[in-house]
Amino acid sequence: MKGLNSGLIRYNLKLIPKASLIVSVLLLLAIQAFFSLERADFSDMARIGETYVSILGIILIPGAAFIDENPDIKEIVYSKSVATVFPSIIRLIYLATILFFGIVVFVAASVMQGGNFNEGSIVAGVFISALLLGATGYLVGTFLNNIALSYLIPFGYYGLELSTKGKYTKGFYLFSLQNGHLQREKWILLTIAILFFVIGLTYMGNKKTCI
């Protein structure tokens, strides 16, 4: 693909907001400090993971929709002959990887303290919840170009699911891992999250092409 090079990739990775990374680390440390992960079982990990660790998705991902809005960055990104969404895809993959790594660290910390549960189900379930929250904020950010709403709306979704416990979303309950197992519908939520990213990137690419 014309114009793609490792320098462009490294440059775009440097644009990731450092504040969101720092807040994510602080959140994980706070969870370690306030909740005992020693000998945690599946129920404990599902509750802590989906209720608190999933917030990492909101912290890390929505802001990626606004990185290119910096005038100095626009000049560089728009002048490239590569597809305009490529830098955004690289950043999203990078952020999703950080999100996944953070969840793995959370699970590994419990295992090291004697936790006994299905690690794969916890990692997958919490990651999907976090990714969907982040994807929701990213989609809102790309369409509305409003950074406040890109965080408020996924937090609203989070709060609704937390308070109603799936009353309205039924089998597609965001925190369904707390029902005792990784439900099949959780994978549909992953598909929805990916679809949100695709829609957002497509819209962003079309918008930049018209500029």
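According to our numbering, the sequence shown is numbered sequentially starting from 4. Glycine included, every Cβ here is placed at the ideal spot set by N, Cα and C. On a predicted model such as this, the values are computed, not experimentally measured, just so you know.
Other residues of its chain near residue i: CB distance less than 8 Å, five sequence neighbours each side excluded
{"i": "residue 128", "result": "49, 52, 53, 179, 180, 185, 189"}
{"i": "residue 126", "result": "103, 106, 107, 110"}
{"i": "residue 46", "result": "181, 183"}
{"i": "residue 55", "result": "30, 34, 38"}
Identity of the residue in the options nearest residue i by Cα
{"i": "residue 41", "options": "192, 177, 114", "result": "114"}
{"i": "residue 69", "options": "176, 175, 145", "result": "145"}
{"i": "residue 206", "options": "57, 13, 147, 36", "result": "147"}
{"i": "residue 153", "options": "166, 164, 136, 167", "result": "136"}
{"i": "residue 122", "options": "176, 44, 25", "result": "44"}
{"i": "residue 36", "options": "94, 112, 167", "result": "112"}
{"i": "residue 91", "options": "177, 176, 164, 13", "result": "13"}
Neighbourhood of residue i by C-beta distance below 6 Å, restricted to the same chain and skipping five residues each side
{"i": "residue 20", "result": "66"}
{"i": "residue 116", "result": "40, 41"}
{"i": "residue 82", "result": "Residue placement at residue 82 is flagged as unreliable, the pLDDT there being 49, under the threshold of 50; the coordinate-derived value follows with that caveat. Around residue 82: no qualifying Cβ."}
{"i": "residue 131", "result": "189, 192, 193"}
{"i": "residue 138", "result": "196, 199, 200"}
{"i": "residue 150", "result": "69"}
{"i": "residue 124", "result": "185"}
{"i": "residue 120", "result": "44, 45, 48"}
Same chain, Cβ closer than 7 Å to residue i, five either side skipped, listed in chain order
{"i": "residue 202", "result": "142"}
{"i": "residue 27", "result": "59, 62, 63, 105"}
{"i": "residue 175", "result": "188, 191, 192"}
Proximity test, residue i beta-carbon vs the ligand NAP heavy atom, cut-off 6 Å
{"i": "residue 165", "result": "With respect to small molecules bound, the structure shown includes none, and the ligand NAP cannot be examined in it."}
Beta-carbon gap between residue i and residue j smaller than 7 Å
{"i": "residue 88", "j": "residue 169", "result": "no"}
{"i": "residue 23", "j": "residue 133", "result": "no"}
{"i": "residue 155", "j": "residue 164", "result": "no"}
Pair every Cβ in the region 155-174 with every Cβ in the region 92-104, then say whether three or more of these pairs are closer than 8 Å.
no
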